[in-house]
Amino acid sequence: MKKIHSIAFMAAFSIIILSISSFQIQDETALKKEKSLDSFKQMLTVIKHPRCMNCHPSDDHPRQGNDRHVHLFNVQRGKDNEGLAAMRCNTCHQKTNNPYSNVPGAPKWHLAPIGMAWQGLSDEEIGESILNIKTNGGKNLEELVHHMTKDTLVLWAWNPGKGRSLPPLNQAQFAKAVKDWADNGAAVK
Amino acid sequence: MRIDFTINGIPKTVDVPENMPLLWVVRDVLNMKGTKFGCGQAACGACTVHIDGDAIRSCSFAAQYAQSKHITTIEGLSSGEKLHPVQQAWIEEIVPQCGYCQPGFMMSVANLLDKIPNPTDEEIDDNITNICRCGTYYRMRKAIHRAAEIKSSQL
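Chains as they are written, first to last, in the numbering used here: chain A, 419 to 607; chain B, -15 to 139.
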């Protein structure tokens, strides 16, 4: 009888321990998600800034300026996101900002593919678009972090040339937010 | 900075500041005055030249990027005495008024016809975004269609 009591006690004790562990895991998961969402909110302040958003339109016209007006001269996306046949991005934009004309420039100046259009999307939809391998240019999470923290066209946002405002986070802060977001599960909702 | 390139088929070397606009190199260093300064902001297209087959606004093109490139200016558009179809059509349709912007227009149109041999009005509007303060656009449109005819008849 005494032995049965002992087994029952051990079983109950194990269940309690397992439950506590489970709660701890749930707490940790929730905490990681919360951290990731906090980082995502920070990322959004940059992603939704005109320096980034102007080249992620949902139509075929890039935007310009902090008021995000349609690019002058009827500039259009074209088949390869680098302009029309005889009105290419490189007609005016070169590999660096031009100190004389003040035309901005960076290597491979182009519009984000239409699959990466952010204009008009909710925060959650932007996050899903960024993570969707079918629309983000086939990037897994590691490649996505690399793109958002190292790509020369992304980095241009912090060196946009005279008269253009900077995103609210500096580049190091943005890179940290992207890494923290990814490390904690890349949550977007 | 020493920069080597080919301009109108002739190899050239210049020693200029790396960010000097190519337009200044063409006009002031090489003394080729056909390419014009208009706005200096890549907006009007008066300074258009061809670089490796693309129409480029040379006021916004740093000299450093001309290294090893093949550049064509309005002076090199024709083949010797034989006018380019765009030049021929420009004469036939009496396009220019003051004429200042026309070299840039002709370079842009020559590039358009290389990419789209028989452009529609819509393709002309989309691809030719140069500015003419005299408002010769109507005559230019006719000339562009005429240039396309001349060019295709020479094939």
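Here a beta-carbon is modelled for each residue, glycine too, at the ideal position from N, C-alpha and C.
The continuous stretches of beta strand (DSSP E) do not include R495 of chain A, and DSSP gives it neither H nor E.
Under DSSP, the beta-bridge partners assigned to F(-11) of chain B are B:K(-4). In the three-state reduction of the DSSP assignment, L502 of chain A falls in the strand class, which pools E and B. In the displayed model, R130 of chain B falls within a helix according to three-state DSSP. Proximity of the stretch 19 to 37 of chain B to the stretch 68 to 76 of chain B falls short of the contact definition, fewer than three beta-carbon pairs being nearer than 8 Å.
Per the DSSP secondary-structure output, S63 of chain B pairs in a beta bridge with B:K66.
Comparing alpha carbon positions, the residue from A:G545, A:R506 and A:K453 closest to N111 of chain B is A:R506.
P525 of chain A is not bridged by DSSP to any residue. The Cβ-Cβ distance between Q537 of chain A and G523 of chain A does not fall below 8 Å. Among the residues of chain B, those whose CB is under 7 Å from the CB of N516 of chain A are S44 and A46, following chain order. In terms of Cβ geometry, I134 of chain B and A504 of chain A do not form a close pair [threshold 8 Å].
Unbroken alpha helix (DSSP H) stretches of 4 residues or longer found wholly inside the stretch 62 to 125 of chain B: 69 to 76, 86 to 99 and 105 to 111, given in chain order. Q482 of chain A sits in a strand when the DSSP states are folded into three classes. Leaving aside the five residues that flank L573 of chain A on each side, the residues in its chain whose CB is nearer than 7 Å to its CB run, in chain order, Q589. Under the three-state reduction of DSSP, T56 of chain B is assigned to strand. The three-state secondary structure of T553 of chain A, taken from DSSP, is coil. Beta-bridge partners of V488 of chain A (DSSP): A:R481. C85 of chain B places its beta carbon less than 8 Å from that of C28 of chain B.
Residue environment for G64 of chain B: exposed (fewer than 16 other C-beta atoms within 10 angstroms of its C-beta). The Cβ atoms of R495 of chain A and H489 of chain A lie no closer than 8 Å to each other. Interface flag for R469 of chain A against chain B is unset, since no Cβ pair is found closer than 8 Å.
Judged by pairs of C-beta atoms under 8 Å, the stretch 463 to 478 of chain A does not touch the stretch -10 to 2 of chain B, as fewer than three such pairs exist. Spanning the alpha carbons of T509 of chain A and S454 of chain A requires a straight line of approximately 41 Å.
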